[in-house]
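My numbering applies: residue 882 is where the sequence shown begins, and numbers increase by one.
Just so it is clear, CB atoms sit at the ideal spot from N, CA and C, and this is done for glycine as well.
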Amino acid sequence: MEVHSRHLGPQLQHQVFVNFRGEELRCGFVSHLVEALQRHGINVFIDSLERKGEDLINLFARIEESTIALVIFSERYTESIWCLDELLKIKQRADQGFLKVIPIFFNVEPVTVKQLRGAFGDQFRDREWEYRCDKPRTDRWKEALSSVSCKAGLAFDKRSSDESKFVRIILKEVEKELQLQVNPVVIPFPGTRRDISSLGGKGMHIRGSTQEPVDLSRESFLVHDNSSFSNQISVFSKAYMDIEHQNNYLRAQLLELSERLQSLNSIIEMSLNFR
């Protein structure tokens, strides 16, 4: 399937890759999301578009063809090793700078994903036991879940949210990112003033966008993500602690030398007095 964007010009074969788990999502929320993206001329790929009989490893090739990945975390996400393996590939491409990842927390909290809580975590531990002979792989799964869940994303709570409005929020975020890829902008240095606007919705929000929002929705509100700043602070703090440790070591050496010099002066003074 190939649909070219009317606004952004020809793009890669698949601009957006959707990573998710569950038939209830496929037949509901994901189908509405895919339809909305296609209606706005955005190429999108989900696994149901893969030809029957093809090896699922081809999904990794589709990830490489994409410039954006929507990772939809739901309670059943960690049931699927394919979701987790796709997540590894998504993280790898994102770390290389080839892919923008937008996590979507669908009826799960970000902290549930990051800290593997509740049923989400229990299912992951089942996968860990199932693949206990391949610990490096399960460790990479855990690292990818933690890393991606810390990125700027969107959260949805069906108890207090409208799904159709949430689809529109995602659509606007994807369009904004695609526009940035076509016309990149200079991101201000951390510390530049940013406005955080409360627009009055419940259950739906943008978590930690590192770029200014573009009229997302009156039902959403922006929460600035401090994760990148925290990482920088951690790096500088570690460097400071290393320097402070070296200073303490040098101070101890200086104190020891001073004591030795004082002792030597005392010995010299005593020897002079005996003459």
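Coil, strand or helix - residue 903 by DSSP: As a first step, residue 903 must be located in the sequence shown, where it is residue number 22. Residue state, collapsed to three classes: coil.
Per DSSP, the bridge partner or partners of residue 950: As a position in the sequence shown, residue 950 is number 69, starting the count at 1. Bridge partners of residue 950: 898, 982.
Delimiting residues of the alpha helix (DSSP H) encompassing residue 1041: Taking the first residue of the sequence shown as position 1, residue 1041 is located at position 160. No alpha helix (DSSP H) contains residue 1041, which DSSP labels as neither H nor E.
DSSP bridge partner residues for residue 1001 (one or two, in chain order): As a first step, residue 1001 is located in the sequence shown; it is residue number 120 there, counting from the start. Per DSSP, none; premise fails for residue 1001.
Local conformation of residue 989 per DSSP, three classes: In the sequence shown, counting from the first residue as 1, residue 989 sits at position 108. Of the three classes helix, strand and coil, the one that applies to residue 989 here is coil, per DSSP.
Classification of residue 1078 by the beta-carbon crowding that lies within 10 angstroms, buried from 16 upward: Within the sequence shown, numbered from 1, the residue matching residue 1078 stands at position 197. Low local confidence applies: a pLDDT of 36 at residue 1078 is under 50, so the model's placement there is unreliable, and no value is given.
Pair within 8 Å by beta-carbon distance, residue 899 and residue 951: Start at 1 with the first residue of the sequence shown, and residue 899 comes out as number 18. Start at 1 with the first residue of the sequence shown, and residue 951 comes out as number 70. When the beta-carbon positions are compared, residue 899 and residue 951 come within less than 8 Å of each other.
Boundaries of the alpha helix (DSSP H) in which residue 967 is found, first to last residue: What you label residue 967 is simply residue 86 of the sequence shown in a count that begins at 1. Looking at the DSSP string, the run of the alpha helix (DSSP H) that includes residue 967 is 962 to 976.
Among 1030, 1129, 1041, the one whose alpha carbon lies nearest that of residue 990: Translated into positions along the sequence shown, residue 990 becomes position 109. Closest by alpha carbon: 1030.
When 924, 963, 986 are compared against residue 946, the one with the closest alpha-carbon: Within the sequence shown, residue 946 is the residue found at index 65, counting from 1. Among 924, 963, 986, the Cα nearest to that of residue 946 belongs to 924.
Bounding residues of the alpha helix (DSSP H) (the contiguous stretch that carries residue 912): Translated into positions along the sequence shown, residue 912 becomes position 31. Here the alpha helix (DSSP H) through residue 912 covers 910 to 920.
Whole-angstrom distance between residue 1146 and residue 1138, CA atom to CA atom: Indexing the sequence shown from 1 puts residue 1138 at position 257. Indexing the sequence shown from 1 puts residue 1146 at position 265. Rounded to whole angstroms, residue 1138 to residue 1146 spans 12 Å at the Cα level.
Straight-line gap, residue 906 to residue 1036 (C-alpha atoms, nearest Å): Here residue 906 corresponds to residue number 25 of the sequence shown, with the count starting at 1. Here residue 1036 corresponds to residue number 155 of the sequence shown, with the count starting at 1. When only Cα atoms are considered, residue 906 and residue 1036 end up about 15 Å apart.
Residues of its chain near residue 969, where Cβ-Cβ distance is below 6 Å and the 5 sequence neighbours each way are ignored: Translated into the one-based positions of the sequence shown, residue 969 becomes position 88. Counting only residues of its own chain and dropping the five nearest sequence neighbours on each side, residue 969 has a CB closer than 6 Å to the CB of 1021, 1025.
Alpha-carbon to alpha-carbon, residue 985 and residue 1015: For the purposes of this step, residue 1015 is identified with residue 134 of the sequence shown, where counting begins at 1. For the purposes of this step, residue 985 is identified with residue 104 of the sequence shown, where counting begins at 1. If you draw a straight line from the Cα of residue 1015 to the Cα of residue 985, it is about 28 Å long.
Integer Cβ distance of residue 949 from residue 1055, believed to fall under 8 Å: As a first step, residue 949 is located in the sequence shown; it is residue number 68 there, counting from the start. As a first step, residue 1055 is located in the sequence shown; it is residue number 174 there, counting from the start. Between the beta-carbon of residue 949 and that of residue 1055 there is about 6 Å, and that keeps the pair under the 8 Å contact cut.
Residues of its chain near residue 979, where Cβ-Cβ distance is below 8 Å and the 5 sequence neighbours each way are ignored: Along the sequence shown, one-based indexing puts residue 979 at 98. Residues of the same chain with a CB within less than 8 Å of the CB of residue 979, apart from the 5 flanking positions on each side, are 945, 948 in chain order.
Other residues of its chain near residue 960: CB distance less than 7 Å, five sequence neighbours each side excluded: Translated into positions along the sequence shown, residue 960 becomes position 79. 902, 1004.
Own chain partners of residue 915 with C-beta closer than 8 Å, once the 5 adjacent residues on each side are dropped: Here residue 915 corresponds to residue number 34 of the sequence shown, with the count starting at 1. Scanning its chain for C-beta atoms nearer than 8 Å, with the 5 sequence neighbours on each side dropped, one finds around residue 915 the residues 899, 925, 927, in chain order.
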